[in-house]
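Presented below is the structure to which this report refers.
Below, the structure written as structure tokens:
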């Protein structure tokens, strides 16, 4: 009941609490706490057992229940726990009087309200829609008094049931109300359609929810799945990044989903997560890699935001591990699992591509499961996607697709990546690398480069699959004899008028730029190592490059665009 205080004398009573501050209901037990205090209002123990009696001070009803209690000698507080009042009204107050023991001044409570108990249920925050199999955003059902306020004393069970709709209702359908409110946070439906819900509780009028429209489960509506992916099992130390594109429909509009994409075989179940490490291509422009994907770790899942129509289209990337699915000759499919689009931490939908990729590994034989390394230097923007086709029209599924460096992931420190990729591709702006099959009569005839965030693109073409002196038809280079394409030398028309002009001789770089602000100047040697990187300001520059004899690549980039050129120093 409380610790007595010594050195002071109790002189009065005080009512410190009526029902814990919660509105009591008519004819339902409520509590009241009385305290002995000194003249300064400090709780003080009584020196003799003191009987306290309660009486109604104001109000039209009858106060009943246990109306007397004893503050024991040495104590200062007593709580009445079985009080009743029989009229629902405001302006009620109670007086506490010491009727034996110490002589203490009486106390009267502040005015309070006695309410009617709950008579009805009401739905709150019912979502307008959701998806098949996905958990709806949380909503609640309230136990309300006749004046439509919540009866915070109600603690009974509230049960949901389907009032209308074609499918089944699942989840925890019965909840105990807490302070008059029951929260439902795991409700879902198994079929598309329009639904309403009933809420029922013993002795209360039921409630009917507003309509909930459940749409079909998300589905992949279109896809670009390259035909070949590098792999070898049970140990894979020649890994490469692999990219594919999908469009997804039937998503909740304007929602941010968490996703994890991995790789499955035809024998996996529809909800098998799959294998492979994930390289996330996020809308922020960040590329991140995870070897342990999880919906609970922000660094281990990707995100995308849907359109107003509930769609999303974008690039996904994966990395083959030593899992048995990546045995050469296997056909693998690409699975994207999604959360509920509402910050959920568990998968709700598993989407799988219709098209598969054949697993091949590096080899120098003309066999269907062997391939040759290919890489390129280019002036293309980092974080672009590069797509290789065996025709000049870009029709059908491409041979391979990957990302243009630098993506922000340091593949050079990952010992399980192919050496040519770690040494000559990773971190070198404009470079990319992959694998192409040794059995390919057409070779690579079209290289598309696409911005994954804006969709803008450009392309390189070879009518016969020969790029300069590099023949991509039926190669047999395996891992060691890498096909190296110089797309800067081959080139396509660059927007030079937008960026400006470059003139380079054996000593000086002369620039006439169409931008007075900041421009980034980068120069790389022929193997992609940076030799100059600096920020320059203004439009006209004469720079003493002091480069040794050799072949170099210069790249300029600013808010007008970018320009890349190869030059020679003799």
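In our numbering, the protein residues as written are 141 to 710.
Note that the Cβ used here is the ideal one computed from N, Cα and C, for glycine as well.
Count the other CB atoms within 10 Å of the CB of residue i; is the residue buried (16 or more) or exposed (fewer)?
i           : result
residue 410 : exposed
residue 354 : buried
residue 448 : exposed
residue 553 : exposed
residue 293 : buried
residue 523 : buried
residue 703 : buried
residue 633 : Below a pLDDT of 50, predicted positions are generally treated as unreliable, and residue 633, at 41, falls in that range; the measurement from the model is reported next regardless. So residue 633 ends up on the exposed side.
residue 318 : exposed
residue 380 : buried
residue 342 : exposed
residue 506 : exposed
residue 358 : buried
residue 585 : buried
residue 529 : buried
residue 463 : buried
residue 637 : Residue confidence for residue 637 is low, a pLDDT of 43 falling below 50, so the modelled location carries little weight and cannot support an answer.
residue 98  : For residue 98 there is no data in the structure shown, the boundaries of the chain being 141 and 710.
residue 635 : Note that residue 635 scores 41 on pLDDT, short of 50, meaning its location in the model is unreliable and no value can be drawn from it.
residue 287 : exposed
residue 489 : buried
For residue i, name the three-state secondary structure that DSSP assigns.
i           : result
residue 392 : coil
residue 687 : coil
residue 296 : coil
residue 112 : Outside the shown range of the chain (141 to 710) lies residue 112, about which nothing can therefore be said.
residue 553 : helix
residue 464 : helix
residue 562 : helix
residue 627 : helix
residue 318 : strand
residue 584 : coil
residue 639 : helix
residue 231 : strand
residue 214 : coil
residue 333 : strand
residue 159 : helix
residue 372 : coil
residue 696 : strand
residue 184 : coil
residue 457 : strand
residue 262 : strand
residue 647 : coil
residue 652 : strand
Mind reading off the beta-carbon distance from residue i to residue j? Whole number of angstroms is fine, and I expect it under 8 Å.
i           : j           : result
residue 417 : residue 430 : 7 Å
residue 386 : residue 495 : That belief does not hold up - the Cβ atoms of residue 386 and residue 495 are roughly 10 Å apart, past 8 Å.
residue 203 : residue 166 : Incorrect: roughly 12 Å between the Cβ atoms, too far for contact.
residue 433 : residue 388 : Going by Cβ atoms, the distance from residue 433 to residue 388 rounds to 18 Å, so no, they are not a contact pair.
residue 714 : residue 419 : Here the chain covers residues 141 to 710 and nothing more, so residue 714 does not appear.
residue 371 : residue 467 : 7 Å
residue 344 : residue 259 : 6 Å
Going by alpha carbons, who is nearest to residue i out of the options?
i           : options               : result
residue 267 : 552, 570 and 324      : 324
residue 454 : 479, 579 and 442      : 442
residue 428 : 649, 580, 543 and 651 : 543
residue 263 : 469, 298, 171 and 273 : 298
residue 557 : 537, 460 and 239      : 460
residue 510 : 518, 517 and 500      : 500
residue 257 : 205, 174 and 164      : 164
residue 334 : 308, 546 and 342      : 308
residue 227 : 376, 414 and 255      : 255
residue 265 : 506, 273 and 280      : 280
residue 474 : 225, 465 and 701      : 465
residue 513 : 169, 526, 624 and 602 : 624
residue 679 : 659, 207 and 690      : 659
residue 326 : 287, 200, 691 and 277 : 277
residue 701 : 709, 655 and 689      : 655
residue 246 : 194, 320 and 611      : 194
residue 628 : 606, 597, 520 and 657 : 520
residue 135 : 600, 310, 340 and 616 : Since the displayed the chain opens at 141 and closes at 710, residue 135 lies outside it and no answer follows.
residue 396 : 408, 445 and 376      : 445
residue 615 : 640, 580, 645 and 532 : 580
residue 572 : 517, 606 and 600      : 517
Tell me whether residue i counts as near the ligand ATP, meaning its Cβ is closer than 7 Å to at least one heavy atom of that ligand.
i           : result
residue 293 : Of the ligands one can find in the structure shown there are none, so the ligand ATP has no counterpart to examine.
Q) In chain order, which continuous runs of the beta strand (DSSP E) of length 3 or greater are located wholly inside the stretch 506–535? A) Restricted to the stretch 506–535, the beta strand (DSSP E) segments that are unbroken, complete and at least 3 residues in length are 510–517 and 525–529, listed in chain order.
Q) What residue ranges within the stretch 379–441 form continuous beta strand (DSSP E) runs of no fewer than 3 residues, ordered along the chain? A) Listed in chain order, they are 381–389, 396–404, 417–421 and 427–430.
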